[in-house]
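Single-structure report; data block below.
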Amino acid sequence: MKQPIICLFLLTSLGLSAQDKKPKVSVSGNMGVTYEGYGLNRNPTGWTGYSQRKPWNQVRFTFQPTITTPKFSLPFNFNFNTTPTNFIGPYAGIGKQSFGQYITNPSNNFAVNPKYKWAELQLGTQYLNYSNLSTGDVGVFGAGFDLRPDVWRLKFFTGVSQQGVNFFSGGANGSYKRKNWMAQLGMEKEDSYALLFNFAKGKDDKNSIPLPPPGSVLPQEGFTMSVVGKVNIKGGWYFSTEGAQSVYTKDLFLPTSPTAVAMKPFLDGNTSTVKDFAAEGMIGRKSKNFDMGVKVKYIGAGFQTVGYPFMQPDRMDYLLNTRFNAFKNKTNVTASIGQRVNNVSNTALKAKQFIGNLNWFSQINDNWSVNINYNNFGFQSNSGINPFGIKNVSNDFGIAPTYTWSNTKMVHLLSLSYNYSKYDERDVITGLTTSNNTHTALLTYVPSFLTKDLTPDFSVMYFINKLPGFKTTLATLSTGLALPAMKKKLQLRGQLQYTFSKNNTFTANNNFIASCTIDAKLNKKTTWTNFLSTNYFKHGNELGLPFVGANYLESNFRTGLMYRFGK
Amino acid sequence: MKKIFYILSILFFAQHSIAQVNTNLVLSPNPPASLIQWSVSRETLTFIVFPSAQGIRGEYKIKTEIKLSDGTVIGKTDLNKSKTYTLSSATTIFNAADVVPLESMIFTGKYKNSLEKTGKLPADNYEICVQLVRPPDFAPFSEIKCKSFYLAATQLPILMKPYNEEVLDYDIAKTTIIFRWTPVVPTPKALVTYKILVFEVLENQNPVQAVRSNFPILTEEVRGVTQYIWQPRGIVDLSDNNANDSAMQQRKGWDGTIKGGSKKYVWIIQSFDYLGQPLGDGNINADGVSEPVAFFVRQKVKAIKIKDTDKQ
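Those sequence lines, one after another, are chains A and B. Quick note, this note's numbering runs 27 ahead of the 1-based positions in the first sequence. Quick note, this note's numbering runs 73 ahead of the 1-based positions in the second sequence.
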């Protein structure tokens, strides 16, 4: 912990001295520290109907200076906190961490990327995105390089993406230590063409923890290789494609088998090893006022890569996207239409999903503008062992006209937005479809003073959701005010919100939220930020005895100092 | 002479029928589609070999056949490679690792391809038949025990609304956000519990990193339904400086501009069966988590531009 602080002071002094006389060395970026406190009081005692939403105390450090010389740059990217807050994944529920677990915890980043001309050394935590099908979502703590001489690309990185974590009941889920490496080689000219070969591997150390985690957490190994091709040609046409092959072993405890699928020398297989491929392609044309593209993506049922651990396999997506501007750019339209088919491999029930989106904005004249949007999702699957198949259809339509007018002192903005949302679900046993209908209306008024620094806003929202046997109504009043103080060295903002909500015939729930922000410029480079919010909610009688009138008070306080390097 | 032959034959068959060992096969009616999971979830298949009342001893192998509902055999044990056991005087309990040992099973045609690609058999009705046989001639040593089962891989939900990179209007989202997702397919007999989790994507984080490291601002469980209307009650707030661009700066910033501001969030659905176990065989994280989807909350209506003429 001491070493980063020493570096921080050295860099601060370097940054300060560097500005005095137009130096060849410059420092940019920022550093800061933020404390966040959270409080929750629930009444009556014993009522647990509302859960904690933030850690009680958290301190976050940011240290991101970049030292630059004409040929050399040294960016630091240190973001770390004092309290682990992992909820999902191998570190979930972890309490006290070892040093190795701390530096590889995904909530902490410690990275230095010194760069000399076209050569970059990558040290520490890196989230490297090589391509859409090889690796991109996993942070690895280790070392590597990224070399880009002329059009050539040569990248390599190796390290640890997770440490071994012991399972204990009620605490961490447990995991095996996973080592990763990734490599890329090929040619690339930005905005012109690319031909890149990617390789990504991850392997769990099955002996990294004394007791294997229970359940289905098994030591795994995966290797993926892919080839990416991209071409941009005259007239705005572009084409890109990627094909990938993965080999994945789901249980390293099983003995290797000569007859199992494998990809030597990268991976020896056993009976849990699967091998499949994935591909995506995109073609389209871009111009100033018109874009159109088609994207197709196929992920095989057995395609799994350690670089994208949440990627959903066994699907085929088709999507047509378009965007155009018309009437002297006063109308902008974006739209997409497509389909996703799940279970192309037939190992599950086939399911189809229709996707359609439209957003239309028109500036009718200096005063009037209107925004219209429509979204449709449909999902259907075969019945399997049930009498009826699944059929869910979601339709959303929204229209939002806005009127602005002004005089010499003020600009007024009045916006009304109405959204209708319908969600139909078919019961797979009875075949009956239930409709869930939602109407939302929002009226917003924002006056902007041209001669004063006050910025208030007001909004009223009405929301109603109906489904058979249930009805929820909400009404929200909200107002905010922003203003500077102390010769603009202080920026203040406050917001108040009251919500009345009612479920069926129960008595109403009441919610009151207040928040304020105070930002102070201590000097040209240092800002002190503060945020305080409180949320009081009181239930009506919907919870029944003994919790009629149950309520909670939630508070959130954040204060931080941010220092900006450079000018 | 004929009489002696008949008597010997009767004695031989009687001895052989008596020499058969009693067994019992128990199979979950909806086993995991991934055959490797059969061994991991030990309750999927249990095969019990009872001790012989006649005190018979000897070696045996487990012969397994997997058939389609029309009787076509699509996979069977390679008895030359499979393990040999010795009949014990105590009850012996086997599970899927012994009865369906993938390293010594032979599958045919498209079933072999499917297993190599996915580790799963195609969705269909199947029958598994298990019998003890004696080496070296693999003569029957027990009755054949068969059980039917239905296989269909579980598809985890796909997150529909908010869709990936959707921009929600802050003035609505601070009061309600509607989440919709597709149900688990095929529909299990018992209601599925869906846990909805929302995480704020902090500055310098990517969405998956936020999922793996942050405390969720929403954790809510619903059963059997695929829509949840969230009332964020203050947790979705663009007033603080964690917004991508400070709301202060957006609305009336240091430079006098008025812009829209935004924050990024990511949501996931975690699916559980009626026992509280995560669903989704083949899910490499073994946690029933669907592919995360990121969305933005943005102050759309504040994106007004003050004309220079108005400023003067």
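Backbone N, C-alpha and C fix where the C-beta goes; we use that ideal spot for every residue, glycine too. On a predicted model such as this, the values are computed, not experimentally measured, just so you know.
Going by C-alpha distance, which of P117(A), G122(A) and Q85(A) is nearest N108(A)? Of P117(A), G122(A) and Q85(A), the residue nearest in Cα terms is Q85(A).
If contact means a Cβ-Cβ distance below 7 Å, which residues of the segment 469-497 of chain A contact chain B? Near chain B, meaning a CB-to-CB distance below 7 Å, the residues of the segment 469-497 of chain A are L469, T471, V473, S475, L477, D480, T482, S486, M488, F490 and N492.
Output the distance between the C-alpha atoms of N140(A) and E147(A), rounded to the nearest integer angstrom. Going from the Cα of N140(A) to the Cα of E147(A) covers about 6 Å.
Evaluate E217(A) with the Cβ neighbour count: other Cβ atoms within 10 Å of its Cβ, from every protein chain shown; 16 or more gives buried, anything less gives exposed. Residue environment for E217(A): exposed (fewer than 16 other C-beta atoms within 10 angstroms of its C-beta).
Where I331(B) and A227(A) are concerned, what is the direct C-alpha to C-alpha distance, given to the nearest angstrom? Unreliable placement is indicated for I331(B), whose pLDDT of 45 sits below 50; no coordinate value is reported for it.
Can D484(A) and T503(A) be called in contact, C-beta distance under 8 Å? One thing to note: D484(A) has its Cβ no nearer than 8 Å to the Cβ of T503(A).
Measure from the C-beta of R69(A) to each C-beta in chain B and report whether the shortest distance is under 8 Å. So, not an interface residue.
Given this structure, state the Cα-to-Cα distance separating E294(B) from G64(A), to the nearest angstrom. Their Cα atoms are separated by approximately 26 Å.
Consider the Cβ of A263(B): report whether some Cβ of chain A lies at a distance smaller than 8 Å. So no, A263(B) is outside the interface.
What are the boundary residues of the alpha helix (DSSP H) that Q189(B) is part of? With the sequence shown as reference, residue 189(B) is identified as Glu, and Gln is not the correct amino acid for it. In the DSSP assignment, E189(B) falls within the alpha helix (DSSP H) that extends over G182 to T191.
What's the C-alpha gap between G144(B) and N530(A)? Approximately 56 Å between the Cα atoms of the pair.
Q79(A), buried or exposed, once every other Cβ within 10 Å from all chains shown has been counted against 16: By the C-beta density criterion, Q79(A) is exposed, having fewer than 16 other C-beta atoms within 10 angstroms.
Work out the CA separation of W179(A) and L212(A) for me, nearest whole Å. Here the alpha carbons of W179(A) and L212(A) stand approximately 8 Å from one another.
Does the segment 358-371 of chain B come into contact with the segment 235-250 of chain B, if we say contact requires no fewer than three beta-carbon pairs (one atom in each stretch) closer than 8 Å? Flag = yes, the segment 358-371 of chain B and the segment 235-250 of chain B touch.
Taking Cβ to Cβ, would you say N193(A) is nearer than 8 Å to I260(A)? Remark: C-beta atoms of N193(A) and I260(A) do not approach each other more closely than 8 Å.
What first and last residue would you give for the beta strand (DSSP E) that runs through F88(A)? Note, F88(A): beta strand (DSSP E), N84 to T95.
Would you mind reading off the limits of the alpha helix (DSSP H) that contains F126(A)? Bounds of the alpha helix (DSSP H) holding F126(A) are F126 to T131.
Between L205(B), I217(B) and L118(B), which has its C-alpha nearest A169(B)'s C-alpha? Nearest of L205(B), I217(B) and L118(B) to A169(B), Cα basis: L118(B).
Any idea which residues DSSP pairs D231(A) with across the strands? Its beta-bridge partners are R205(A).
Quick check: the Cα distance between S177(B) and S299(A), rounded to an integer number of angstroms? Distance between the alpha carbons of S177(B) and S299(A): 13 Å.
State yes or no: is the C-beta of S344(B) within less than 8 Å of the C-beta of G361(B)? Yes, they are a contact pair.
Please report how far the alpha carbon of L385(A) lies from the alpha carbon of P133(A), in whole angstroms. Roughly 36 Å separates the two Cα atoms.
K136(B) at chain A interface by Cβ criterion, 8 Å: For K136(B), the nearest beta carbon of chain A is not closer than 8 Å to its own beta carbon.
Could you have a look at Y447(A) and say whether DSSP puts it in helix, strand or coil? In this structure, Y447(A) counts as strand in the three-state DSSP scheme.
When the Cβ atoms of the segment 285-294 of chain A are set against those of the segment 312-327 of chain A, are three or more pairs found closer than 8 Å? Result no; under three Cβ-Cβ pairs closer than 8 Å.
For the segment 237-265 of chain B, which residues have a CB atom closer than 8 Å to at least one CB atom of chain A, in sequence order? Those residues of the segment 237-265 of chain B that come within reach of chain A (Cβ to Cβ, closer than 8 Å) are D242, D244, I245, K247, T248, T249, I251, R253, T255, P256, V258, P259 and T260.
Terminal residues of the beta strand (DSSP E) in which P428(A) lies: P428(A): member of the beta strand (DSSP E) spanning K418 to S433, first to last residue.
Roughly how many angstroms separate the alpha carbons of P246(A) and N234(A), rounded to a whole number? C-alpha separation (whole angstroms): 9 Å.
Under 9 Å Cβ-Cβ, which residues of chain B neighbour E452(A)? Here the neighbours are P256, V298, T299 and Q300.
Pick from N463(A), S475(A) and L510(A) that is closest to K498(A), judged by C-alpha positions: For K498(A), the closest alpha carbon among the candidates N463(A), S475(A) and L510(A) is that of N463(A).
Given 8 Å, three or more beta-carbon pairs between the segment 159-175 of chain A and the segment 184-193 of chain A: They touch, by the three-pair rule.
Only counting runs of 3 or more residues, tell me where the beta strand (DSSP E) segments fall wholly within the segment 234-293 of chain A, in order along the chain. Listed in chain order, the complete beta strand (DSSP E) runs (minimum 3 residues) inside the segment 234-293 of chain A are 248-260 and 264-276.
Decide if W264(A) is buried, meaning its Cβ has at least 16 other Cβ atoms within 10 Å, or exposed. Exposed: under 16 other Cβ atoms inside 10 Å.
Thinking C-beta only, is T255(B) closer than 8 Å to T299(B)? Taking 8 Å as the Cβ cut-off, T299(B) and T255(B) qualify as a contacting pair.
Would you grab the beta carbon distance between P428(A) and V397(A) for me? Rounded to a whole angstrom, and I think it's under 8 Å. Going by Cβ atoms, the distance from P428(A) to V397(A) rounds to 5 Å, so yes, they are a contact pair.
So that I know if they touch, is there some Cβ in chain A lying closer than 8 Å to that of F288(B)? So, interface residue.
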